[in-house]
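Numbering (the numbering used here), first residue to last: 62 to 381.
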């Protein structure tokens, strides 16, 4: 048998295997239709021939049809089993990551083994777990692995997992602050846009840094004001930018906002040394030096001998 003849035979066999299940279904439906009409009138030779022909077609197609059903069943069982196993792996990895976040020593080797199994087919199936795993890798100085993983979660040229885009935006902002090439600015903007509406102080600061580097002072101030709502210490930076923009009245208003925010913080926690020192600094910058001394003195009355409050008092005296 020549090569072309063998190829023809193989093609016919493959065609029969592929078409067989569908042929079996068609023949079965044809038998039902013929049987319905067969009982309604006298059977002719032609009708009996059609029935025999369709029975033979059904018999020839039935093995392929049953094989197809078996393949579908096994594939469904394998998919369900894999999903169940991945869920168990994910639960174990989540528990290990939670233990690490709580301050317990991380079993990095065990977590890495679980991560390799979970993310073998990609990270999009469980992006939240993948991001937590990525943070652990970065914490353990496995920066190359962390960068590869987060690049899959939040690509530079395609939408990905929003929290991962936020993390990459913060990272690029920090790089630019440290003097990285301005060519990273479009990449920073891309991740900021993909991160969605900012909900964290760090993301607002990344927006502020982007606007600062682009020379957009008004938008930079707006972003810093949003960050100051979450952390009042940024009111000082807002005031500095207004001074730079020759808007002293707005700078005073920013300092006043800081004073109000730190007073509210001290009302909630009178023993907060950091908030008390920041309040005294804001009062001093606003021109209320006596109030600043009073704020520090009342703190020393509550916490006698506190070194941070003593240092702040000494610095305030030197500034006069």
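Beta carbons: idealized from backbone N, C-alpha and C, even for Gly.
For residue 278, tell me which candidate among 264, 261, 257 and 300 has the shortest Cα-Cα distance.
As a position in the chain shown, residue 278 is number 217, starting the count at 1. The residue among 264, 261, 257 and 300 with its C-alpha nearest the C-alpha of residue 278 is 300.
Taking buried to mean at least 16 other C-beta atoms within 10 Å of its own C-beta, is residue 339 buried or exposed?
As a position in the chain shown, residue 339 is number 278, starting the count at 1. Buried is the label assigned to residue 339, since at least 16 other Cβ atoms lie within 10 Å of its Cβ.
Beta carbon of residue 229, beta carbon of residue 215: below 8 Å?
The count along the chain shown starts at 1 and reaches residue 229 at position 168. The count along the chain shown starts at 1 and reaches residue 215 at position 154. Annotated as proximal: residue 229 and residue 215, with beta-carbon spacing under 8 Å.
Would you decide whether residue 242 is buried or exposed? Buried here means 16 or more other CB atoms lie within 10 Å of its CB.
Numbered from 1 along the chain shown, position 181 holds the residue referred to as residue 242. Burial is judged here by how many other beta carbons sit within 10 angstroms of a residue's own beta carbon; residue 242 has fewer than 16 and is exposed.
Would you check if the distance between the CB atom of residue 285 and the CB atom of residue 267 is smaller than 8 Å?
By 1-based counting over the chain shown, the position of residue 285 is 224. By 1-based counting over the chain shown, the position of residue 267 is 206. In this structure, residue 267 does not lie closer than 8 Å to residue 285 by Cβ.
Given this structure, state the Cα-to-Cα distance separating residue 303 from residue 265, to the nearest angstrom.
As a first step, residue 303 must be located in the chain shown, where it is residue number 242. As a first step, residue 265 must be located in the chain shown, where it is residue number 204. Going from the Cα of residue 303 to the Cα of residue 265 covers about 18 Å.
Can you tell me whether residue 292 is helix, strand or coil according to DSSP?
In the chain shown, residue 292 corresponds to position 231, counting from 1. Residue 292 carries a coil assignment under DSSP once its states are collapsed to helix, strand and coil.
Given a cut-off of 8 Å on the beta-carbon distance, is the pair residue 370 and residue 334 in contact?
Numbered from 1 along the chain shown, position 309 holds the residue referred to as residue 370. Numbered from 1 along the chain shown, position 273 holds the residue referred to as residue 334. Their beta carbons are under 8 Å apart, which means residue 370 touches residue 334 by this criterion.
Close-in-space but distant-in-sequence residues of the same chain around residue 102 (CB under 6 Å, 5 per side omitted)
Along the chain shown, read from residue 1 onward, the residue named residue 102 stands at position 41. Model confidence at residue 102 stands at a pLDDT of 48, short of 50, so the residue's coordinates are unreliable; what they give is reported in the following sentence. Short of 6 Å from the beta carbon of residue 102, and not among the five residues preceding or following it, lies no beta carbon of its own chain.
Quick one: measure Cβ to Cβ for residue 227 and residue 256, integer angstroms, because I've assumed they're closer than 8 Å.
Within the chain shown, the letter at position 166 stands for residue 227. Within the chain shown, the letter at position 195 stands for residue 256. The C-beta distance from residue 227 to residue 256 rounds to 4 Å, short enough to fall under 8 Å.
For residue 192 versus residue 225, is the C-beta distance shorter than 8 Å?
If you number the chain shown from 1, residue 192 lands on position 131. If you number the chain shown from 1, residue 225 lands on position 164. Cβ distance < 8 Å, so residue 192 and residue 225 count as in contact.
Could you tell me which whole beta strand (DSSP E) segments of length 3 or greater appear in the segment 224-251?
Counting only runs of 3 or more, we get nothing.
CB contact flag (residue 248, residue 270, <8 Å):
Reading the chain shown from its first residue, position 187 is the one you call residue 248. Reading the chain shown from its first residue, position 209 is the one you call residue 270. Result no, Cβ atoms of residue 248 and residue 270 do not sit closer than 8 Å.
For residue 258, which of helix, strand or coil comes out of DSSP?
Position 197 of the chain shown, counted from the start, is the residue given in the question as residue 258. The answer is coil: DSSP assigns residue 258 none of H, G, I, E or B.
Look up residue 384 in the DSSP assignment and say whether it is helix, strand or coil.
Here the chain has residues from 62 to 381 only, and residue 384 is not among them.
So the candidates are 222, 201 and 297; which of them puts its Cα closest to the Cα of residue 314?
On the chain shown, position 253 is the one that residue 314 refers to. Here the closest residue by C-alpha is 297.
For residue 207 and residue 258, I'd like the C-alpha separation in whole angstroms.
Here residue 207 refers to the residue found at position 146 of the chain shown. Here residue 258 refers to the residue found at position 197 of the chain shown. Cα-Cα distance, rounded: 25 Å.
Does residue 298 come out as helix, strand or coil in the three-state DSSP assignment?
Here residue 298 is taken as the residue at index 237 of the chain shown, counted from 1. Three-state result, residue 298: helix.
With distance defined between alpha-carbon atoms, name the residue in 366, 367 and 341 nearest to residue 380.
Taking the first residue of the chain shown as position 1, residue 380 is located at position 319. Minimum Cα distance to residue 380 is reached at 341.
Go ahead and pull the three-state DSSP assignment for residue 196.
As a position in the chain shown, residue 196 is number 135, starting the count at 1. For residue 196, the secondary structure class from DSSP, reduced to helix, strand or coil, is helix.
Given that a residue counts as buried once 16 or more other Cβ atoms are within 10 Å of its Cβ, and exposed if not, what is residue 237?
By 1-based counting over the chain shown, the position of residue 237 is 176. Counting Cβ neighbours within 10 Å, residue 237 comes out buried, since at least 16 surround it.
Do you know offhand how far residue 274's Cα is from residue 365's?
Stepping through the chain shown from its first residue, residue 274 is reached at position 213. Stepping through the chain shown from its first residue, residue 365 is reached at position 304. Looking at the backbone, the Cα of residue 274 and that of residue 365 are separated by about 45 Å.
Report the three-state DSSP secondary structure of residue 366 (helix, strand or coil).
By 1-based counting over the chain shown, the position of residue 366 is 305. Looking at residue 366 - three-state DSSP - the assignment turns out to be coil, as it is neither helix nor strand.
Where does residue 344 land, buried or exposed, given buried means 16+ other C-beta within 10 angstroms?
Here residue 344 is taken as the residue at index 283 of the chain shown, counted from 1. Residue 344 should be labelled buried.
Tell me the DSSP secondary structure of residue 283 in three-state form.
To locate residue 283, count along the chain shown from 1; it is residue 222. In this structure, residue 283 counts as helix in the three-state DSSP scheme.
Where do the N-terminal and C-terminal ends of the alpha helix (DSSP H) with residue 308 fall, by residue?
If you number the chain shown from 1, residue 308 lands on position 247. Counting along the chain, residue 308 falls outside any alpha helix (DSSP H), and DSSP gives it neither H nor E.
Could you give the residue range of the alpha helix (DSSP H) that holds residue 332?
As a working note, residue 332 is residue 271 in the chain shown. From DSSP, residue 332 is part of no alpha helix (DSSP H); its letter is neither H nor E.
For residue 290, does the count of other Cβ atoms within 10 angstroms reach 16, so buried, or fall short, so exposed?
Locating residue 290 in the chain shown gives position 229, where the first residue counts as 1. Counting Cβ neighbours within 10 Å, residue 290 comes out exposed, since fewer than 16 surround it.
Just to confirm the assignment, what range does the alpha helix (DSSP H) spanning residue 205 have?
As a position in the chain shown, residue 205 is number 144, starting the count at 1. Its alpha helix (DSSP H) spans residues 204-214.
Alpha carbon to alpha carbon, how far is residue 221 from residue 306?
Stepping through the chain shown from its first residue, residue 221 is reached at position 160. Stepping through the chain shown from its first residue, residue 306 is reached at position 245. Answer to the nearest angstrom: the Cα atoms are 38 Å apart.
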